[in-house]
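**Student:** Handing you a structure now.
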Ligand SMILES: [Zn+2]
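Laid out in structure tokens, this is it:
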């Protein structure tokens, strides 16, 4: 009896370990694709490097924008050289090339390495937490979208609707299927409230200061978190993101000894995503009384 139990728990352990490595590998490979999305999606939307963050989007169909992501195959961001598979191995290739392009020796951003690493680790962590269930791929996709949004906003000050709306749809779907901790009604209310609360704060701010406090992409991102974590998460996320943002500004000012003006403000999206990640891992902090 004890032997049988031992054997079956050993089997389970082995299965769990295979799942862990599988999730890690899948995360590394998807991380490689997220790097392509981070580089190509804004350029497909805005037309060129110079127009990044410009309000006037290049008018293209959804199909054309999405085709840019897969065709042509992998090319170097610096000199557009085709990348052979052997130089496209997650983590390994960046390290082996010492962060430099094989063809023109231009530095390859550390971001390529970090995105692959983060995605791999988050997929493995989600698998450890949720195991083999429908919730696992759902949360993995959510994390993948957040990682892409984080780096795109950092580079372009812009959160593409393609990604925010996809994350919103996943959150609503997840709650409808009972895969997240929020009820379907809670998810819908969270999405609406997540959008309207910062929208009204910004409306008041604009009345006083005659300019926007933060952008429409930020409201949509908060709607995403409302759909995934419920309305109660919105205030904590806003508070944590604001504290992180202020701390970063203080540190940057001390390091660079220069003033960050309002026109050269940091994008808010990455801080919202860090705060959302905190809520995802630890839940809403109790000092908010929820
Ligand atoms: Zn190059």
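Residue numbers (my numbering): 480 to 769. C-beta atoms are modelled at their ideal positions from N, C-alpha and C, and glycine is treated no differently. On a predicted model such as this, the values are computed, not experimentally measured, just so you know.
#1: Let me make sure I understand the geometry here. Which of 666, 598, 515 and 685 has the alpha-carbon closest to that of residue 552?
#2: So what's residue 699 in DSSP terms, helix, strand or just coil?
#3: May I ask you to check if the CB of residue 604 is nearer than 7 Å to at least one heavy atom of ligand 1?
#4: Considering only the beta carbon of each residue, do residue 625 and residue 508 sit closer than 8 Å?
#5: DSSP three-state call for residue 561: helix, strand or coil?
#6: Quick one: is the Cβ of residue 659 within less than 7 Å of any heavy atom of ligand 1?
#7: Among 669, 560, 522 and 598, which one has its Cα closest to the Cα of residue 583?
#8: Have a look at 723, 735, 690 and 673 and flag the residue whose alpha-carbon is nearest the alpha-carbon of residue 707.
#9: Report the start-end ranges of each alpha helix (DSSP H) in the region 644-705 that is 4 residues or longer and not cut off at the edges.
#10: With the cut-off set at 8 Å, would you say residue 638 and residue 700 are in Cβ contact?
#11: How would the residue list near ligand 1 read, in chain order, if you kept each one whose beta-carbon is closer than 5 Å to any heavy atom?
#12: Would residue 648 pass as an interface residue toward chain C - the criterion being a Cβ-Cβ separation below 8 Å?
#13: Is it right to say residue 761 is buried, meaning 16 or more other beta carbons lie within 10 angstroms of its own, or is it exposed?
#14: Report, in whole angstroms, the separation of the C-beta atoms of residue 669 and residue 716, which I expect to be a contact under 8 Å.
#15: For residue 549, which of 520, 658, 681 and 573 has the nearest alpha-carbon?
#16: If you run the structure through DSSP and keep just helix, strand and coil, what is residue 635?
#17: In whole angstroms, what separates the C-alpha of residue 727 from that of residue 749?
#18: Would you give the residue range spanned by the alpha helix (DSSP H) that residue 573 belongs to?
#19: Does the Cβ of residue 558 have 16 or more other Cβ atoms within 10 Å, making it buried, or fewer, making it exposed?
#20: Going by beta-carbon coordinates alone, are residue 703 and residue 650 separated by less than 8 Å?
#21: Assuming residue 696 and residue 598 make a contact with CB atoms under 8 Å, what is their CB distance in whole Å?
**Tutor:** Taking the geometry as given:
#1: Cα-wise, what sits closest to residue 552 is 515.
#2: Three-state result, residue 699: helix.
#3: Distances between the C-beta of residue 604 and the heavy atoms of ligand 1 are all 7 Å or more.
#4: Taking a C-beta distance under 8 Å as the contact criterion, residue 625 and residue 508 do not qualify as a contact pair.
#5: If DSSP states are grouped into helix, strand and coil, residue 561 belongs with the strands.
#6: Shortest gap from the CB of residue 659 to any heavy atom of ligand 1: 7 Å or more.
#7: The alpha carbon of residue 583 has as its nearest neighbour, out of 669, 560, 522 and 598, the alpha carbon of 560.
#8: Looking at the Cα atoms, 673 is the closest of the given residues.
#9: As far as the region 644-705 is concerned, its whole alpha helix (DSSP H) runs of at least 4 residues are 663-688.
#10: Yes, they are a contact pair.
#11: Listed along the chain, these residues meet the criterion: 555, 557, 558, 580, 582, 583 and 585.
#12: Looking at the structure shown, chain C is missing, and only one protein chain is on hand.
#13: Residue burial annotation: residue 761 is exposed, with fewer than 16 other C-beta atoms found within 10 angstroms of its C-beta.
#14: With a Cβ gap of about 11 Å, residue 669 and residue 716 do not count as contacting.
#15: Here the closest residue by C-alpha is 520.
#16: The answer is helix: DSSP assigns residue 635 an H, G or I state.
#17: So the two alpha carbons sit approximately 11 Å from each other.
#18: Looking at the DSSP string, the run of the alpha helix (DSSP H) that includes residue 573 is 571-575.
#19: Within a 10 Å sphere around the beta-carbon of residue 558 sit fewer than 16 other beta-carbons, which makes this residue exposed.
#20: Contact: yes.
#21: The beta carbons of residue 696 and residue 598 sit about 22 Å from each other, so the pair does not count as a contact at 8 Å.
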